[in-house]
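Position in the sequence shown counted from 1, then plus 444, gives you our numbering.
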Amino acid sequence: MAAPASVHAEALGLLGLWNLLDGSSRDAANLLERAAAEVAEDQQLLAQLLVALAFARLNIHAFDGAAHAADEAVVTAARSEEPQLLGHALAMRVLVRFLVGDGFDEENLQKALQLDNAPDPPSALLWPTAQRAALLIGIGRLDEGRRELRAIRQRYPRAGRRKRTDDRGFSQCPY
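Written as structure tokens, this is what we have:
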């Protein structure tokens, strides 16, 4: 008996995220594209996949594809009615749009931060707070960016020692 499409897509998505975190963005993009193609009915999972796909495409210089994935992530996350996911999608769209030369959308970034209530973010790559710090530095607001990075560092001073990777398990790993 074959697994449901959403389970297969989630597995592909996790493998894609693993590749993204491991530095293989091209492989990650391919896996995340396959996963997204399989999961149209699960809006929440699709939005998670699209957020990660946007980042992977940025890394391989597929800028139009990154912008498209980020835009689709926002639309899909809004339909999912999951505020935190919408926050991640909005932050990714702000990051992508900035990096492709469309300017800095501080209003949507602030909205993303308000929606993101994660007590412990899954990854700094996809976390609106970390993206804001990087964007502030990118637009030359160095003191603000530095303060944001220090606040992040103070929030998680011993994160590497208090949690091991296998403590959460893959089934609980949000994108």
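Glycine residues also receive a C-beta, built at the ideal position from the N, C-alpha and C atoms.
- Burial of V483 is indicated by the presence of at least 16 other C-beta atoms within 10 angstroms of its C-beta.
- Per DSSP, the unbroken alpha helix (DSSP H) holding A577 starts and ends at P572 to G582.
- Contact holds between the region 484 to 504 and the region 449 to 462, because three or more Cβ pairs, one in each stretch, are under 8 Å apart.
- If you draw a straight line from the Cα of L493 to the Cα of E551, it is about 24 Å long.
- Only residues of its own chain outside the window of five on either side were considered, and among them S469, R470 and A473 have a CB closer than 8 Å to the CB of I504, listed in chain order.
- Taken in chain order, the whole alpha helix (DSSP H) runs of length 4 or more contained in the region 501 to 569 are 507 to 524, 527 to 543 and 550 to 559.
- If you check the CB distance, L593 and H532 do not come in under 7 Å.
- Per DSSP, reduced to three states, the secondary structure at D466 is coil, with no helix or strand assignment.
- Going by beta carbons, R537 and V518 fall inside the 7 Å limit.
- Note on L475: 16 or more other CB atoms within 10 angstroms of its CB, so buried under the neighbour-count rule.
- For A595, the enclosing alpha helix (DSSP H) has its first and last residue at L586 to R599.
- Taken through DSSP and simplified to helix, strand or coil, A484 comes out as coil.
- Taking the CA atoms as reference points, T573 sits about 12 Å from R599.
- A Cβ-Cβ separation of about 11 Å leaves A481 out of contact with G457 under the 8 Å criterion.
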